[in-house]
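Taking it in order: structure first as structure tokens, then the write-up.
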Amino acid sequence: MIEFRDVTKRYPDGTIAVDKLNLTVDAGAITVFVGPSGCGKTTSLRMVNRMIDPTGGSILIDGKDVQESDPALLRRGIGYVIQQAGLFPHRTVLDNVATVPLLSGWDRRKARARAAELLATVGLPAEMGRRYPVQLSGGQQQRVGVARALAADPPVLLMDEPFSAVDPVVREDLQNELLRLQDELDKTIIFVTHDIDEAVRIGEKVAVFRKGGVLAQYGTPADVLRYPADEFVASFVGRDRGYRGLSFLQADGIAVDQVAKATVGEPYGPAAADWVLAVDSADRPRGWLPPESSVDGELSADSLVAGGSLYTVGTPLRGALDAALSSPTSLGVVVDTEGKYVGVITARQVLDLIEGQPPAVRAR
Ligand SMILES: Nc1ncnc2c1ncn2[C@@H]1O[C@H](COP(=O)(O)OP(=O)(O)OP(=O)(O)O)[C@@H](O)[C@H]1O
1 MIEFRDVTKR YPDGTIAVDK LNLTVDAGAI TVFVGPSGCG KTTSLRMVNR MIDPTGGSIL
61 IDGKDVQESD PALLRRGIGY VIQQAGLFPH RTVLDNVATV PLLSGWDRRK ARARAAELLA
121 TVGLPAEMGR RYPVQLSGGQ QQRVGVARAL AADPPVLLMD EPFSAVDPVV REDLQNELLR
181 LQDELDKTII FVTHDIDEAV RIGEKVAVFR KGGVLAQYGT PADVLRYPAD EFVASFVGRD
241 RGYRGLSFLQ ADGIAVDQVA KATVGEPYGP AAADWVLAVD SADRPRGWLP PESSVDGELS
301 ADSLVAGGSL YTVGTPLRGA LDAALSSPTS LGVVVDTEGK YVGVITARQV LDLIEGQPPA
361 VRAR
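This is the structure in structure tokens:
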């Protein structure tokens, strides 16, 4: 657990970067600091590992004031990941990852073995360990940055806009990877971003900062989206916050309707007046057969119209709405966790479900 108690940072030129910050970061969770540029997120983060010292108040990690720790020792227990990875350009990827274990006195063989293990953990092939950072893509470099921060198995991880420099697709991969890793590692993570989508996606708690280093709101993503504390937070999270909030609502016991089905590869009967859902022999949806389609003999995949996205039972409702809106029939197809057909749902049904939901239901 990391506690900020009345923490203030006033730079020598008089700028108040952080103003009386009081906040408790839960152990074993990802807490995101989010807000517009210049609102004190990075300053707050760097005060945790003493790259910056506060001018007022204190920061405690598991009850111990960081000011009482030697900065170099403190930093060995705190992983730090920054934008564009910040790798050492003249060291191989493997040696980059082995840096902290070596500093901590591990022998070279053991440090390298640990580094190799971590490359695999973050999803990089072993042979990349021999390359230099410049020979990797931006996303791969970020993975190395994460591996390096994890090398000494620190309980705390500070991540400052780690995924900002990569394109949106790679970024989503990296976010998923972080969530997957965190499921296993249970680190206490503070993650800084200016992107509210990223914040609500990966944060178990989100701290929204405003200019002048003031904490505007601290809560779960669902709370921040549904109950913004004030006008500033409401405008920062954006007009489509209701839609984003769908990410946190799950449908338990979702009521579905049924449609006519036909199996690809099997004989197809007389033309139907309505759309027919085509499935494969394992009952997994393959597409839709338009009304009045006559089929000669077996139903072939070539006669189908591609379906929309599928909604898997038990996942956030955003997916159900997307399935309905992207379907050529306006019927979203619902499947079970094995991908087998369960039923169909309309956008209207999804909206009715949302209206009946209690607030702040967390999906992940
Ligand atoms: N060394 C410094 N001297 C004076 N002012 C500084 C210094 N470092 C940061 N600041 C100011 O403190 C404020 C907070 O900066 P900080 O970098 O913490 O914000 P941030 O929210 O992380 O912004 P960004 O998202 O742009 O990185 C800003 O007004 C910044 O200009």
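In terms of UniProt numbering, the sequence shown is numbered consecutively and its last residue is 364. The C-beta atom is built at its ideal place from N, Cα and C for all residues, glycine as well.
* To do: Mind the definition here: the stretch 27-47 touches the stretch 118-133 only if three or more C-beta pairs lie below 8 Å; say whether that holds.
  => no
* **Bridge-paired residues (DSSP) for Glu184** => In the DSSP output, where bridge partners are listed per residue, Glu184 has none listed.
* Taking the CB atoms as reference points, tell me whether Ala49 and Leu158 lie closer together than 9 Å. => Note that residue 49 is Asn in the sequence shown, not Ala. Yes, these two residues count as a Cβ contact at 9 Å.
* Inspect the beta-carbon positions of Arg5 and Ile59 and report whether they are closer than 9 Å. => yes
* Unbroken stretches of the alpha helix (DSSP H), 4 residues or longer, contained in the stretch 137-175 -> 138-150
* To do: Would you check if the distance between the CB atom of Val200 and the CB atom of Leu225 is smaller than 9 Å?
  => yes
* Contacts around residue 367, its chain only, beta-carbon distance under 8 Å, and the 5 residues preceding and following it disregarded -> In the structure displayed, the chain extends from 1 to 364; residue 367 sits before or after that span and is not available.
* Exposure label - Tyr218; buried when at least 16 CB within 10 Å -> buried
* Based on Cα-Cα distance, which residue from Glu172, Val170, Ala152 and Val146 lies nearest to Asp160? -> Val146
* **Stretch pair the stretch 281-290 + the stretch 329-342: three plus CB contacts closer than 8 Å** => yes
* To do: Figure out for me which residue from Ala255, Thr92, Met51 and Gly38 has the closest Cα to the Cα of Leu73.
  => Met51
* **Delimiting residues of the beta strand (DSSP E) encompassing Phe209** => Lys205 to Arg210
* Pull up the distance between the alpha-carbon of Val361 and that of Leu136, whole angstroms please. => The predicted position of Val361 is uncertain, since its pLDDT is 38 and thus under 50; a value taken from the coordinates is nonetheless stated next. Val361 and Leu136: Cα-Cα distance of roughly 40 Å.
* Does DSSP put Thr99 in a helix, in a strand, or in coil? -> helix
* Could you check the C-alpha separation between Ala165 and Lys261 for me, to the nearest Å? => 46 Å
* Three-pair Cβ contact test at 8 Å for the stretch 167-179 versus the stretch 7-21 -> no
* Asked: Does any heavy atom of ligand 3 sit closer than 8 Å to the C-beta of Thr31?
  -> Questions concerning ligand 3 fall outside what the structure shown contains, since the ligands it does hold are ligand 1.
* **Which listed residue (Pro168, Gly203 and Ser303) has its alpha carbon closest to that of Leu179** => Gly203
* If you draw a straight line from the alpha carbon of Asp197 to that of Ser69, how long is it in whole angstroms? -> 35 Å
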